[in-house]
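Residue numbers (full-length UniProt numbering), protein chains in the order written: chain A, 1 to 237; chain B, 1 to 237.
Idealized CB from N, CA, C, for every residue including glycine.
Since we're looking at a predicted model, the values are computed, not measured.
In what follows, a structure is listed as structure tokens, so that the remarks can point back to it.
Protein chains: 2
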Amino acid sequence: MNIKEDISLPESATEDRALTIRDALRNAIVDRRLTPGTKLTESEVGALFDVSRTVARAGLQMLSFEGLVRLERNRGAFVSNPTPEEARQVFASRRLIEPGVVMSALERLDADKIALLRRQLEEESRYLNERGPTARRAEIKASGDFHLLLASMAGNAILEKFMEELIARSSLVIALYGRSGISSCGHNEHMAVLAALEAGDGERARDLMLHHIDHIEADLDLQVRDVTRLKDALDLA
Amino acid sequence: MNIKEDISLPESATEDRALTIRDALRNAIVDRRLTPGTKLTESEVGALFDVSRTVARAGLQMLSFEGLVRLERNRGAFVSNPTPEEARQVFASRRLIEPGVVMSALERLDADKIALLRRQLEEESRYLNERGPTARRAEIKASGDFHLLLASMAGNAILEKFMEELIARSSLVIALYGRSGISSCGHNEHMAVLAALEAGDGERARDLMLHHIDHIEADLDLQVRDVTRLKDALDLA
DNA sequence: CCCATCAAGATTGCATACAATTTAGCCACG
DNA sequence: CGTGGCTAAATTGTATGCAATCTTGATGGG
């Protein structure tokens, strides 16, 4: 298990430690330090974060609600191993929700928010030009963060929560079924969306976003490959 | 606390008892045996279901992920008290998602499913004609179940989960801000949606559903009433 | 050599114990 | 009569213990 790498959030606060665990594990899953199928043993997670199994368990339960972790009774927690069908559902959901997010965000857009979005895109392109696995991870994270930032601007906490789940699950799906590395064209598409938003052209922004989602999904190899997946299901990890 | 009324699910099974608790409490919240603001003490919930606090706590945590329960650190769990703003977000989300649900369900519709939907509407109308609080609760439940049944037919487990959350939260919102009792016109509108679906007219079904959602929201009184809500926030039930 | 069986070890599900925090009641005081 | 503060009771946050279940690995038979 290789989560320890970056995980050392000393921000103690009297806050909920289960939340800290959830966030750290989610980050690890999203940027692929934890790969689908990995077993997440309660005592191991607890030891990593220096808490009891009780707290670790609560964090894992949270992740299972987001679909990032699969809880099997008497067997434990595993990083989710989404099927091709689940992958399709993730993207179908995004096609339904993200256009609405774009339109809502546009209504509430102002100079500050545009600046934030632009900064996010700069971050994206920075990592795009770097080499090495750390940069790759940061790139993946940044790419999803653009969508999340946009979602946070739609002024709807519920949709934002849904988007958080969908983006995280997308990352998992791409990790499993992605053909190329992350599409560098994704960055260009993000820029195009932002340009349309700045121009106040909601229709175009919405269409660009839809095409962007289509492109991401088109990059997946969702063949049935049942044999492989079945083996994974039994072997896990 | 008045949950005990109906709650006695002897279906033991070796299943997860936290799930049982979640479902029972959710039902109680949705059909208003538990009103917003009510404190849900861990030991009390545990005693009701004959489990330890550990399990009760897990059930409450699940409900908090669905937005039905608010968890306050060191203070406990309370039935959610959604603000008018949250209420608006619930319906904005539904307006975004349910049209997609309708269209997807239409694609996969067959005679069996139509029969199920029809039976659901019959259930609705039956309770509509009965008197008494029990019938009222059943009516509320049945009304939401129509939407959930439709969602289950869309063939997308993620959207279905989202809808479950949205419908439950809608019920909470209506309990708080509803002007009339449940709109009996809701039933007619459900019938109209089904008719359009049977006719294969997705556009019309989608528009009818949107209007239906608009009507539900229009029946709410989302004035600021800050005083009341503030008092509630401090007093809580 | 492969596979079934079974015991030992590991892990989970759950209850319980205890400290930390909050709430409630009470009394004194203004 | 209202108010502030203090103590006791109630409640939550978390760790830990034990039984039930699963996993692993060794052993023996086919």
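Does any CB atom of chain B fall closer than 8 Å to the CB of residue i?
{"i": "Ala188 (chain A)", "result": "The sequence shown places Asn at residue 188 (chain A), rather than the Ala named in the question. By this cut-off, Asn188 (chain A) is not an interface position."}
{"i": "Asn81 (chain A)", "result": "no"}
{"i": "Asp214 (chain A)", "result": "no"}
{"i": "Asn129 (chain A)", "result": "no"}
With a CB to CB cut of under 7 Å and the five nearest residues on each side skipped, what residues in its chain are close to residue i?
{"i": "Arg22 (chain A)", "result": "Gly59, Met62 and Leu63"}
{"i": "Phe162 (chain A)", "result": "Ile97"}
{"i": "Arg57 (chain B)", "result": "Glu42"}
{"i": "Arg206 (chain B)", "result": "Pro99, Val102 and Met103"}
{"i": "residue 239 (chain A)", "result": "Nothing about residue 239 (chain A) can be reported from this structure: the residues present for chain A run from 1 to 237 only."}
So the alpha helix (DSSP H) residue i belongs to, where does it begin and stop?
{"i": "residue 245 (chain B)", "result": "This structure leaves residue 245 (chain B) out entirely; chain B is present only between 1 and 237."}
{"i": "residue 272 (chain B)", "result": "Since the first residue shown for chain B is 1 and the last is 237, residue 272 (chain B) is missing from the structure and cannot be characterised."}
{"i": "Ala105 (chain A)", "result": "Pro84 to Glu107"}
{"i": "Arg33 (chain B)", "result": "From DSSP, Arg33 (chain B) is part of no alpha helix (DSSP H); its letter is neither H nor E."}
{"i": "Glu124 (chain B)", "result": "Ala111 to Leu128"}
{"i": "Glu44 (chain B)", "result": "Glu42 to Phe49"}
{"i": "Leu60 (chain A)", "result": "Arg53 to Phe65"}
Starting from residue i, trace the beta strand (DSSP E) both ways and give me its first and last residue.
{"i": "Arg206 (chain A)", "result": "Run containing Arg206 (chain A): none in the beta strand (DSSP E); it sits in the alpha helix (DSSP H), Gly202 to Ala218."}
{"i": "Ala199 (chain B)", "result": "Where Ala199 (chain B) is concerned, there is no enclosing beta strand (DSSP E), given that its DSSP letter is neither H nor E."}
{"i": "Gly76 (chain A)", "result": "Gly76 to Val79"}
{"i": "Arg70 (chain A)", "result": "Val69 to Glu72"}
Going by the C-beta, is residue i closer than 7 Å to any heavy atom of the ligand PLP?
{"i": "Leu149 (chain A)", "result": "In the structure shown, the ligand PLP is absent, as is every other ligand, since no ligand is present at all."}
Run through chain B and tell me which residues come within less than 7 Å of residue i, C-beta to C-beta.
{"i": "Phe162 (chain A)", "result": "Phe162"}
{"i": "Gly100 (chain A)", "result": "Leu96"}
Run through chain A and tell me which residues come within less than 7 Å of residue i, C-beta to C-beta.
{"i": "Leu176 (chain B)", "result": "Under the 7 Å cutoff, chain A gives no residues; its nearest Cβ is about 16 Å from Leu176 (chain B)."}
Which residues in chain A have a C-beta closer than 8 Å to the C-beta of residue i? List them in chain order.
{"i": "Phe65 (chain B)", "result": "Met62 and Phe65"}
{"i": "Ala157 (chain B)", "result": "Glu86 and Gln89"}
Please report whether the beta-carbon of residue i lies at a distance below 8 Å from any beta-carbon of chain A.
{"i": "Phe78 (chain B)", "result": "no"}
{"i": "Val90 (chain B)", "result": "yes"}
{"i": "Ser93 (chain B)", "result": "yes"}
{"i": "Arg108 (chain B)", "result": "no"}
{"i": "Arg70 (chain B)", "result": "no"}
So which residues on chain B does residue i lean against when the C-beta distance must stay under 8 Å?
{"i": "Ile97 (chain A)", "result": "Leu96 and Ile97"}
Find the residues of chain A that neighbour residue i, judging by a C-beta separation of less than 9 Å, and give them in chain order.
{"i": "Ala58 (chain B)", "result": "Arg57, Ala58 and Gln61"}
Less than 8 Å between C-beta atoms, sequence neighbours within five positions excluded: which residues of the same chain meet that for residue i?
{"i": "Leu210 (chain B)", "result": "Arg95, Glu98 and Pro99"}
{"i": "Val224 (chain B)", "result": "Pro84"}
{"i": "Ile216 (chain B)", "result": "Phe91, Ser170, Ile174, Ser183 and Gly186"}
{"i": "Ser180 (chain B)", "result": "Asp219"}
{"i": "Val227 (chain A)", "result": "Residue placement at Val227 (chain A) cannot be trusted, given a pLDDT of 48 that sits under 50; the coordinates are not used to answer."}
{"i": "Arg118 (chain A)", "result": "Leu194"}
{"i": "Gly144 (chain B)", "result": "Val30, Ile167, Ala168, Ser170 and Ser171"}
Can you find the residues in the same chain that come closer than 6 Å, C-beta to C-beta, to residue i, ignoring five residues on each side of it along the sequence?
{"i": "Leu220 (chain A)", "result": "Tyr177"}
{"i": "Leu71 (chain A)", "result": "Ser64 and Ala77"}
{"i": "Phe146 (chain B)", "result": "Gln120 and His190"}
{"i": "Val45 (chain B)", "result": "Ala56"}
{"i": "Phe49 (chain B)", "result": "Ile21"}
{"i": "Ala192 (chain B)", "result": "Leu208"}
Take every Cβ of the segment 69 to 83 of chain A, pair it with every Cβ of the segment 27 to 42 of chain A, and state whether three or more of those distances are shorter than 8 Å. yes
Taking contact to mean 3 or more Cβ pairs, one atom from each stretch, closer than 8 Å, check whether the segment 92 to 103 of chain A and the segment 144 to 161 of chain A are in contact. yes
Determine, using beta-carbon pairs with one atom in the segment 157 to 165 of chain B and one in the segment 44 to 55 of chain B, whether at least three such pairs fall under 8 Å. no
I want to know whether the segment 106 to 120 of chain A touches the segment 165 to 177 of chain A - three or more CB-CB distances under 8 Å. no
Below 8 Å, how does it come out for the segment 135 to 142 of chain A and the segment 24 to 32 of chain A: are there three or more Cβ pairs, yes or no? yes
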